[in-house]
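Taking our numbering, the leading residue of the sequence shown gets 11, the next gets one more, and so forth. Ideal Cβ placement from N, Cα and C applies to all residues, glycine included. Below is one structure, written out as structure tokens; comments come after it.
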Amino acid sequence: MKTINDVPSDAGDWRRKIAPHPAMCTWVAMFGRVNKQSGPYIGCSVCDEWHTYSVFKAWYISHPHWDTWELDKDLLLPGNKVYGPDYCCLIPRQINAFIRVFNTKYKTGASFANARAHLDTPWAASISEYNILTGKTVRKYLGYFLTEDDAHMAWKNRKYELACMFSDMYQLSDNIAEALKTRYL
11 MKTINDVPSD AGDWRRKIAP HPAMCTWVAM FGRVNKQSGP YIGCSVCDEW
61 HTYSVFKAWY ISHPHWDTWE LDKDLLLPGN KVYGPDYCCL IPRQINAFIR
111 VFNTKYKTGA SFANARAHLD TPWAASISEY NILTGKTVRK YLGYFLTEDD
161 AHMAWKNRKY ELACMFSDMY QLSDNIAEAL KTRYL
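Below is the structure:
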């Protein structure tokens with residue numbers, strides 16, 4: 011289906027140094043990810059109504075923090091592949107990075123530790139945490155464990171603690187806060 015920009019003035023004009031509207035930037039980036047069809051965006055699509063920019067913009071600006079938060083398609087419905095009003099939401103950049111999943115050969119958060127140093131507890135758990143004071147992400151080690159499952163569970167428990175903290179810190183709506191917390195139960 012073809013995209014329709016029915017508010018051309020929102021596209022901006024670089025010759026006159028008029029920046030595009032934030033909704034336009036998000037709309038274009040969304041289609042860029044879907045059209046690229048790589049990584050986590052393989053199999054993703056955009057619902058029919060959001061092919062019309064004014065419809066997307068109306069949904070977008072109806073949300074608090076629309077001018078600073080990011081569009082997310084799969085917090086409310088993990089694994090969702092369709093950008094649309096039913097399961098998309100706007101969340102802070104920090105939370106968007108927090109929920110990102112990276113594929114590894116072990117369960118998330120677990121790694122096989124140096125067996126010589128930790129013969130009785132060969133699995134380590136770690137997590138990347140954002141430091142609000144420095145603005146940097148640092149790796150924190152959560153300990154050593156007997157099994158991969160135990161290390162993964164330590165990671166999951168810490169993610170839940172952080173999800174609760176983020177929910178309060180950003181005063182997220184009930185449905186977004188609940189989705190964020192239950193993701194790590």
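How should residue i be labelled, buried or exposed, when 16 other C-beta atoms within 10 angstroms of its C-beta is the threshold for buried?
i: S177; result: buried
i: W24; result: exposed
i: D58; result: exposed
i: V56; result: buried
i: A5; result: Residue 5 cannot be examined here, being either before or after the span of the chain that is shown, 11 to 195.
i: A161; result: buried
i: Y70; result: buried
i: D159; result: exposed
i: F155; result: buried
i: M40; result: buried
i: I52; result: exposed
i: I28; result: exposed
i: K169; result: buried
Just reading off the alpha helix (DSSP H) that residue i is part of, what are its end residues?
i: A189; result: D184 to T192
Considering Cα atoms alone, identify which of the options is closest to residue i.
i: V92; options: V44, G119, Y63 and K67; result: V44
i: R15; options: S48, M34, R103 and W79; result: For the sequence presented, residue 15 should be read as Asn rather than Arg. N15 has its Cα closest to that of M34, out of S48, M34, R103 and W79.
i: I109; options: G89, D96 and K115; result: G89
i: G94; options: C54, I105, I186 and P102; result: C54
i: T13; options: Y116, W60, A21 and C99; result: W60
i: Y140; options: T114, D130 and P102; result: P102
i: T8; options: N106, L87, Y154 and K117; result: In this structure the chain extends from 11 to 195, so residue 8 is not present and cannot be described.
i: E188; options: L87, L143 and F112; result: L87
i: Q181; options: V17, L100, D84 and L81; result: L100
i: D184; options: L143, K169, L85 and W76; result: L85
Which residues in the same chain have their Cβ closer than 8 angstroms to the Cβ of residue i, if we skip the five residues on either side of it in sequence?
i: S136; result: G119, S121, R149, K150, Y151, L152 and W165
Which residues in the same chain have their Cβ closer than 6 angstroms to the Cβ of residue i, if we skip the five residues on either side of it in sequence?
i: A173; result: L190, K191 and Y194
i: W37; result: Y63 and F66
i: T147; result: S138 and Y140
What residues in its chain sit with their C-beta under 7 angstroms from that of residue i, if we drop five residues either side in the sequence?
i: H31; result: D20
i: L81; result: T36, M40, C98 and L100
Sequence ranges, alpha helix (DSSP H) only - wholly within the region 44-127, length at least 4:
63-71 and 103-108
Where in the region 130-186 do unbroken runs of the alpha helix (DSSP H), each at least 4 residues long, occur, reported from the N-terminal end onward?
158-179
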